[in-house]
Amino acid sequence: MSWLSPSDWQAVLLSLKVAGWATALSLPPGVFIAYALARWQFPGRAVVNGLVHLPLILPPVVTGYLLLIGFAPNGVIGAALAKLGITLAFTWRGAALAAAVMAFPLMVRAIRLAIEAVDPKLEQAASTLGASRLWVFGTITLPLIVPGILAGAITAFAKAMGEFGATITFVSNIPGQTQTLPLAIYSQLQVPGGEASAARLAAVSVTLALGALLVSEWLARRIAARIAGGRG
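For what it's worth, full-length UniProt numbering labels the leading residue of the sequence shown as 1, then goes sequentially.
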């Protein structure tokens, strides 16, 4: 990939960094919320479900604007973080946050479907034998939903790699700092003669997305086969 310029490489590596952090940080709460929505009945469950899926139906620019209001240095959350020396607006950390928020609904949905596919009688049987809820989840539910967790993580990673609207609104388009692949493609399309560079970056984006999906399918099949072998 020597045909990429140093600035192109910056955008590629920053996108991988942002998408990786976005996926890693959103996975634990994603599993927890997916399990809560799939298995628990509690007041406000419909509200929680609506809030989780809100980024899917809101314009990404609106999501970015809400993040800017909340996490700007003078925002409610941003001011508290600023006292700790943490700044999110107009930084790559903010780009990771925006990507995580936009990818979160897809991750939760994939994991929730995997949890709902697990027969509750298996969990109930373990509970009747005296196992705690946490032990039941770790020994019964979790091994069975690993393919769903993997699918949710890969889907979130791919979504984070392609996030544009919320990112540019929240952290702007700063080369070397917040300019991810989609923002770099957008910038090149605004420059006369930049179509060739935009095409190269688009090819990289497609390659990374397809690679992630193929790896996800391969790992999911291997894990599913291992689980089926363990049952046998």
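The beta carbon of each residue, even a glycine, is placed where N, CA and C say it ideally should be.
Does the count of Cβ pairs from the region 136-156 and the region 10-26 closer than 8 Å reach three? They touch, by the three-pair rule.
Under 8 Å between the Cβ atoms of S15 and L181? Here residue 15 refers to the residue found at position 15 when the sequence shown is read from its first residue. Here residue 181 refers to the residue found at position 181 when the sequence shown is read from its first residue. A contact, by the Cβ cut-off of 8 Å.
For A131, three-class secondary structure by DSSP: Taking the first residue of the sequence shown as 1, we reach residue 131 at position 131. The answer is coil: DSSP assigns A131 none of H, G, I, E or B.
Just tell me which of L122, G148 and V12 has its CA closest to the CA of V136. Locating residue 136 in the sequence shown gives position 136, where the first residue counts as 1. Minimum Cα-Cα distance from V136 among the listed residues L122, G148 and V12 corresponds to L122.
Is the region 116-132 in contact with the region 61-78, if contact means three or more CB pairs nearer than 8 Å? The region 116-132 is not in contact with the region 61-78.
Quick one: what's got a C-beta closer than 8 Å to L183's C-beta in the same chain, skipping five residues either side? Along the sequence shown, read from residue 1 onward, the residue named residue 183 stands at position 183. A11, F164, T167, I168 and N173.
With distances taken between CB atoms, is the gap from D8 to L213 smaller than 8 Å? Working through the sequence shown from its first residue, we reach residue 8 at position 8. Working through the sequence shown from its first residue, we reach residue 213 at position 213. Not in contact: D8 and L213 (Cβ atoms no closer than 8 Å).
Applying the criterion that 16 or more other CB atoms from any shown protein chain within 10 Å of the CB defines a buried residue, is K83 buried or exposed? The residue given as residue 83 occupies position 83 in the sequence shown. Result: exposed.
A114 versus R93 - alpha carbon distance: Residue mapping note: residue 114 aligns to position 114 of the sequence shown, counting from 1. Residue mapping note: residue 93 aligns to position 93 of the sequence shown, counting from 1. Near 30 Å, if we compare the C-alpha coordinates of R93 and A114.
So, at 6 Å on beta carbons, what are the nonlocal neighbours of A179 in its own chain, with the 5 sequence-adjacent residues on each side left out? Within the sequence shown, numbered from 1, the residue matching residue 179 stands at position 179. The sequence given here has Gln at residue 179, not Ala. Non-local C-beta neighbours of Q179 in its own chain, meaning closer than 6 Å and more than five positions away in sequence, comprise A11 and N173, ordered along the chain.
Tell me the DSSP secondary structure of W92 in three-state form. Taking the sequence shown and counting its residues from 1, the one referred to as residue 92 is at position 92. If DSSP states are grouped into helix, strand and coil, W92 belongs with the helices.
Endpoints, the alpha helix (DSSP H) within which G78 is located: Locating residue 78 in the sequence shown gives position 78, where the first residue counts as 1. Under the DSSP assignment, G78 falls in the alpha helix (DSSP H) whose first and last residues are V76 to K83.
Which value, in whole angstroms, describes the spacing of the CA atoms of Q188 and P175? Counting from 1 along the sequence shown, the entry for residue 188 is found at position 188. Counting from 1 along the sequence shown, the entry for residue 175 is found at position 175. Using only the alpha carbons, I get a separation of about 12 Å.
Assigned exposure category for V204 - 16 Cβ within 10 Å defines buried: What you label residue 204 is simply residue 204 of the sequence shown in a count that begins at 1. Answer is buried; the Cβ neighbour count reaches 16.
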